[in-house]
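To convert a position in the sequence shown, counted from 1, into the working numbering, add 10.
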Amino acid sequence: MRIVSKVLWTLAFLAATFIWMVLFEHGFSVKGLTEGTQTELKTISAWFSGKK
Numbered sequence: 011m012r013i014v015s016k017v018l019w020t021l022a023f024l025a026a027t028f029i030w031m032v033l034f035e036h037g038f039s040v041k042g043l044t045e046g047t048q049t050e051l052k053t054i055s056a057w058f059s060g061k062k
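Now the structure itself:
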């Protein structure tokens, strides 16, 4: 059960870090958050799939 807790805390930390960095890079607004999240997720998926 302890490992599940550690995994969940790690996932929460990664999600919070992602949102925080999107807000800094794309602006502290709902529009900046939504459009920035879409942009960053596309960038991350392209990076993992090997596309440029």
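Glycine included, every Cβ here is placed at the ideal spot set by N, Cα and C.
- By the criterion of at least three beta-carbon pairs nearer than 8 Å, the stretch 37 to 51 is not in contact with the stretch 16 to 25.
- Residue burial annotation: residue 46 is buried, with at least 16 other C-beta atoms found within 10 angstroms of its C-beta.
- DSSP places residue 61 outside both helix and strand once states are collapsed to three, so it counts as coil.
- An exposed status is given to residue 17, since fewer than 16 other beta-carbon atoms sit within 10 Å of its beta-carbon.
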